[in-house]
Amino acid sequence: MTNKACGVLYIGQTDDMAKRAWQHRNHCVEGFTDRYNLEKLVLVEMHQSREAAKARERQLKGWKRAWKVALIEENNPDWLDLYNQLGDLI
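Residue numbers for the sequence shown follow our numbering, so the first one is -9 and each next one is one higher.
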């Protein structure tokens, strides 16, 4: 999640991407995403298990910012909000 292209980044994992993205977009959850107005979903990765998703989350959180930006731009070069495309992505 982000607030704009190359803006503040948030990485998380969930079992229900549509619900969680909606919660962030509508500021239903107090915390980091609410405080920094992170409403744009710019990258989605699917994994075979919760354990794999959690491992990938930990990996990405350990990355340098430039690596995260490069990953987003490789998959979503225009930093489009993917929320309305979730049905096609998951």
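From the three backbone atoms N, C-alpha and C, an ideal C-beta is built for every residue, glycine too.
Query                                                                                                    : Result
Alpha carbon to alpha carbon, what distance is there between residue 33 and residue 74?                  : 13 Å
Go ahead and pull the three-state DSSP assignment for residue -1.                                        : strand
Compare the Cα-Cα distances from residue 10 to each of 65, 31, 45 and 56 and report the closest residue. : 31
Put residue 4 into one of helix, strand or coil per three-state DSSP.                                    : coil
Taking Cβ to Cβ, would you say residue -2 is nearer than 8 Å to residue -8?                              : yes
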